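Everything below concerns the one structure shown next.
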Amino acid sequence: MNSGGKVLSVVIPIYNEVNIEPNITRVMEVLSNAKIKYEIILVDDGSRNNAWGEISDIVDKYEGIIGIAFSRNFGKESALCAGLDAATGDCAICLDSDMQFPPEVIPDMYKLWEEGYEVVEGVKKKRQKESLMYKLCAGTFYSFLKKSSNIDLRNSSDFRLLDRAAIDAWKEMPEKQTFFRGMSSWVGFKRYQYEFEVADRIEGESKWSFKRLIGLAVDAVTSYTAAPLYAASIFGIIFFVFAVVMGIQTLYMYVLGKAQSGFTTVILLLLFIGAVILLGLGVIGIYIKKIYEEVKGRPRYIISRVIGKKDINK
Ligand code: UDP
Ligand code: MG
1 MNSGGKVLSV VIPIYNEVNI EPNITRVMEV LSNAKIKYEI ILVDDGSRNN
51 AWGEISDIVD KYEGIIGIAF SRNFGKESAL CAGLDAATGD CAICLDSDMQ
101 FPPEVIPDMY KLWEEGYEVV EGVKKKRQKE SLMYKLCAGT FYSFLKKSSN
151 IDLRNSSDFR LLDRAAIDAW KEMPEKQTFF RGMSSWVGFK RYQYEFEVAD
201 RIEGESKWSF KRLIGLAVDA VTSYTAAPLY AASIFGIIFF VFAVVMGIQT
251 LYMYVLGKAQ SGFTTVILLL LFIGAVILLG LGVIGIYIKK IYEEVKGRPR
301 YIISRVIGKK DINK
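Be aware that the sequence shown starts at 1, since it is given in the UniProt record's numbering, and climbs by one per residue.
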């Protein structure tokens, strides 16, 4: 063993996937060829198909595999949390079950970890097949996030290898609504940006609808920055100045006896100011909802079954 007894935990979230076994055996083959000791944690995120059946078979058939089933679909973020909570390795890597993150590069990333990098981030060399609209939205989102919170997640992915110290730091973070990519960047540590090519999805389809992506983006922004709250106030100030100028102008016209009989200005101002107030309220509402969710303190996920290893605790 060149890994000197060190163990790599591989965390794989699974939701309504099919044909899981060949993907898992592909990962196992890569790791054994590279002589890396591993445990694989398959987290079934409340799949409604036969994914859990497949996972159970895999756990029975091979060594070193743990299966965790959620009581319902909690989302990929929660699945990653459960996987990292259960991981006992000296380092851990998160991998998509559709193998869009090529497992063949794991040994390279592992080597970087052995060289002392504590967070090896997979950075997408070319983005996967995406529509122009998606690219545009993603681009705007990442530049906004970078400007407002100094966290650069452009082309980043959940494909990252974390040292035990980074995993423990991330587990210390108490928030219930997590954003793995952002949080694992926030913890710091010695990092390396490892470029890789994203493969196309072979089987099944992406679980991310436009609505879910917007949800993730809103979550990400509101988790890292209060900039939208400031933006609401700045808009407020701008429109206040606007209103003062318009007010003075109207008074001036009135004094000169040239007051307009039309209501255009009034209506426009009303609309503008109404919009700004609603915008501000909306932003505050999103943050309040977040505070509310955190205050409730509900768990990030609920496990219904664990197979493969008995001594896992949350
Ligand atoms: N996934 C999950 N829970 C969900 C949605 C997705 O665990 O609610 C898993 C999914 O099974 C896959 C990974 O997250 O292993 C990435 O999902 P997907 O391939 O659909 O996302 P994309 O590659 O399109 O970003
Ligand atoms: Mg995918």
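Just so you know, even glycine gets a beta-carbon here, dropped at the ideal spot from N, CA and C.
Quantities reported herein were computed from a predicted structural model and do not represent experimental measurements.
Am I right that residue i and residue j are in contact with their C-beta atoms under 8 Å? What's the rounded C-beta distance?
{"i": "Leu84", "j": "Ile167", "result": "6 Å"}
Using C-beta distances below 7 Å, list every residue in its chain close to residue i, excluding the 5 sequence neighbours before and after it, in chain order.
{"i": "Ser304", "result": "Ala69, Phe70 and Ser71"}
{"i": "Val187", "result": "Ala166, Ala169 and Trp170"}
{"i": "Arg201", "result": "Asp98 and Gln100"}
{"i": "Ile286", "result": "Val218 and Thr222"}
{"i": "Lys220", "result": "It is worth fixing the name first, because residue 220 is Ala in this sequence and not Lys. For Ala220, where only same-chain residues beyond five positions count, the Cβ hits under 7 Å are Leu145, Phe179 and Gly182."}
{"i": "Tyr62", "result": "Met28"}
{"i": "Lys125", "result": "Glu195, Phe196 and Glu197"}
Is the beta carbon of residue i less than 7 Å from the beta carbon of residue j?
{"i": "Tyr301", "j": "Phe74", "result": "yes"}
{"i": "Ser97", "j": "Ile40", "result": "no"}
{"i": "Gln100", "j": "Val10", "result": "no"}
{"i": "Leu8", "j": "Cys94", "result": "no"}
{"i": "Phe123", "j": "Asn155", "result": "Contrary to the premise, residue 123 reads as Val rather than Phe in this sequence. Cβ atoms of Val123 and Asn155: closer than 7 Å."}
{"i": "Met109", "j": "Leu153", "result": "no"}
{"i": "residue 333", "j": "Tyr192", "result": "No answer is possible for residue 333: it lies beyond the span of the chain, which begins at 1 and ends at 314."}
{"i": "Phe196", "j": "Val105", "result": "yes"}
{"i": "Thr140", "j": "Glu77", "result": "no"}
{"i": "Glu114", "j": "Lys190", "result": "no"}
Between residue i and ligand 1, is there a pair consisting of the residue's CB and a ligand heavy atom that are separated by less than 6 Å?
{"i": "Tyr15", "result": "yes"}
{"i": "Lys296", "result": "no"}
{"i": "Ala92", "result": "no"}
{"i": "Ser157", "result": "no"}
{"i": "Ser131", "result": "no"}
{"i": "Gly75", "result": "yes"}
{"i": "residue 318", "result": "A query on residue 318 cannot be resolved here, the shown segment of the chain reaching from 1 to 314 and no further."}
{"i": "Asp44", "result": "no"}
Leaving out five residues before and five after residue i in sequence, what residues of the same chain have Cβ atoms less than 8 Å from its Cβ?
{"i": "Ile14", "result": "Ile20, Leu42, Val43, Asp44, Asp45, Ser47, Ala51, Ile55, Ala79 and Ser97"}
{"i": "Phe272", "result": "Phe239 and Phe242"}
{"i": "Asp57", "result": "Glu21"}
Excluding the 5 residues flanking residue i on each side, which residues of the same chain have their C-beta closer than 6 Å to its C-beta?
{"i": "Gly308", "result": "Val59, Ile65, Ile66 and Gly67"}
{"i": "Tyr194", "result": "Met109, Val120 and Gly122"}
{"i": "Pro102", "result": "Ala199"}
{"i": "Ser148", "result": "Thr225 and Ala227"}
Ligand 2 and residue i: does the residue's C-beta get closer than 6 Å to at least one heavy atom of that ligand?
{"i": "Asp98", "result": "yes"}
{"i": "Arg181", "result": "no"}
{"i": "Arg305", "result": "no"}
{"i": "Arg201", "result": "yes"}
*Segment contact flag, the stretch 18-31 with the stretch 272-286, C-beta cutoff 8 Å, min 3 pairs*: With the rule of 3 Cβ pairs closer than 8 Å, the stretch 18-31 does not count as touching the stretch 272-286.
*Just checking, does the stretch 131-149 make contact with the stretch 221-229 on the three C-beta pairs under 8 Å criterion?*
The stretch 131-149 is in contact with the stretch 221-229.
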